[in-house]
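Engineer: Encoded as structure tokens, here's the structure I'll be asking about.
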Amino acid sequence: GYPAYSFSPGANVGRLTKSFIPDPFYYDFAITVTAKPTTRSGGVLFAITNAYQKIVQLGVALSEVEDGAQRVVLFYTDSSSSSTQEAASFKMGDMTGRWARFTLTVQGTQVRLFMDCEEFNRVDFIRSDQSLTFEASSGIFVGNAGGTGLPRFVAYSKVFVQQVYGHKGKEFIRSAPL
Numbered sequence: 028g029y030p031a032y033s034f035s036p037g038a039n040v041g042r043l044t045k046s047f048i049p050d051p052f053y054y055d056f057a058i059t060v061t062a063k064p065t066t067r068s069g070g071v072l073f074a075i076t077n078a079y080q081k082i083v084q085l086g087v088a089l090s091e092v093e094d095g096a097q098r099v100v101l102f103y104t105d106s107s108s109s110s111t112q113e114a115a116s117f118k119m120g121d122m123t124g125r126w127a128r129f130t131l132t133v134q135g136t137q138v139r140l141f142m143d144c145e146e147f148n149r150v151d152f153i154r155s156d157q158s159l160t161f162e163a164s165s166g167i168f169v170g171n172a173g174g175t176g177l178p179r180f181v182a183y184s185k186v187f188v189q190q191v192y193g194h195k196g197k198e199f200i201r202s203a204p205l
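In my numbering, the protein residues as written are 28 to 205.
The following block contains the structure:
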């Protein structure tokens, strides 16, 4: 089974990024998420922020449900940027009250969303030819984005798993679940 987490509106789960994530980060990578949202409000599933918790350098969020749909959002912000950047957004059906398992892959200048092991959609995005680097005191947060002000993810007694996979050369590396 997967680790189970419960996120209430006031939950603040965070640690130093260097405890879990290599620096520099992988240039090409995949993020796998399993979640069962209990509200229609969406929120940040995980985020790596700068040391001041003002910019999300890497993160994934679900948007609020509107007209029966919501978006999976990937944040990817190069170190030179002064504000959080939305790298990709994928519209899908309302996930409230049901299990959702999806994978976001970043390869070169494309972000792809996979649902149930099938490619759902892809978008192009522009990024530096350098891997992301994180400040020594940057934070990684689960269910929120630290002090950025972005909405928190709320789920009660549901399973939430986050895994990050990276590619270095021909070797595919798996980090521990967050």
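Backbone N, C-alpha and C fix where the C-beta goes; we use that ideal spot for every residue, glycine too. All values reported here derive from a predicted model rather than from experimental measurement.
Give a yes or no on contact between the region 164-183 and the region 71-78, applying the rule of three or more CB pairs nearer than 8 Å.
Structural biologist: yes
Engineer: Should the region 136-154 be called in touch with the region 80-89, which here means at least 3 C-beta pairs below 8 Å?
Structural biologist: no
Engineer: So what does DSSP say about K45, is it helix, strand or coil?
Structural biologist: helix
Engineer: Whole angstroms are fine: how far does the CA of R125 sit from the CA of T104?
Structural biologist: 30 Å
Engineer: Would you kindly work out how many angstroms separate the C-alpha atoms of R179 and T65, rounded to a whole number?
Structural biologist: 12 Å
Engineer: Which of the three DSSP states is assigned to T175 in this structure?
Structural biologist: Under the three-state reduction of DSSP, T175 is assigned to helix.
Engineer: Near Q137, what residues of its chain come up, given a Cβ to Cβ distance below 8 Å and the 5 sequence neighbours on each side ignored?
Structural biologist: R149, V150, D151 and F152
Engineer: Closer than 8 Å by C-beta to F102: which residues in its own chain qualify, once you throw out the five before and the five after it? Chain order, please.
Structural biologist: A74, V83, Q84, L85, G86, V87, A88, T111, Q112, E113 and A114
Engineer: What do you reckon, are the CB atoms on G176 and T76 nearer than 8 Å?
Structural biologist: no
Engineer: Any idea what DSSP makes of D55, helix, strand or coil?
Structural biologist: strand
Engineer: So F52 packs on L131, CB below 8 Å; how close in whole Å?
Structural biologist: So it is not a contact: roughly 14 Å between Cβ atoms.
Engineer: My assumption, with CB atoms under 8 Å, is that A78 sits in contact with S155. Please give the rounded CB distance.
Structural biologist: A78 to S155, Cβ: 20 Å. No contact.
Engineer: Tell me which residue opens and which closes the beta strand (DSSP E) that N77 is part of.
Structural biologist: Note, N77: premise wrong, no beta strand (DSSP E); not H, not E.
Engineer: Does DSSP classify D151 as helix, strand or coil?
Structural biologist: Strand.
Engineer: Measuring straight from C-alpha to C-alpha, what distance separates A57 and R67?
Structural biologist: In this structure, the straight-line span from the alpha carbon of A57 to that of R67 is close to 26 Å.
Engineer: What's the call for A96, buried or exposed, on a 16-neighbour Cβ count within 10 Å?
Structural biologist: exposed
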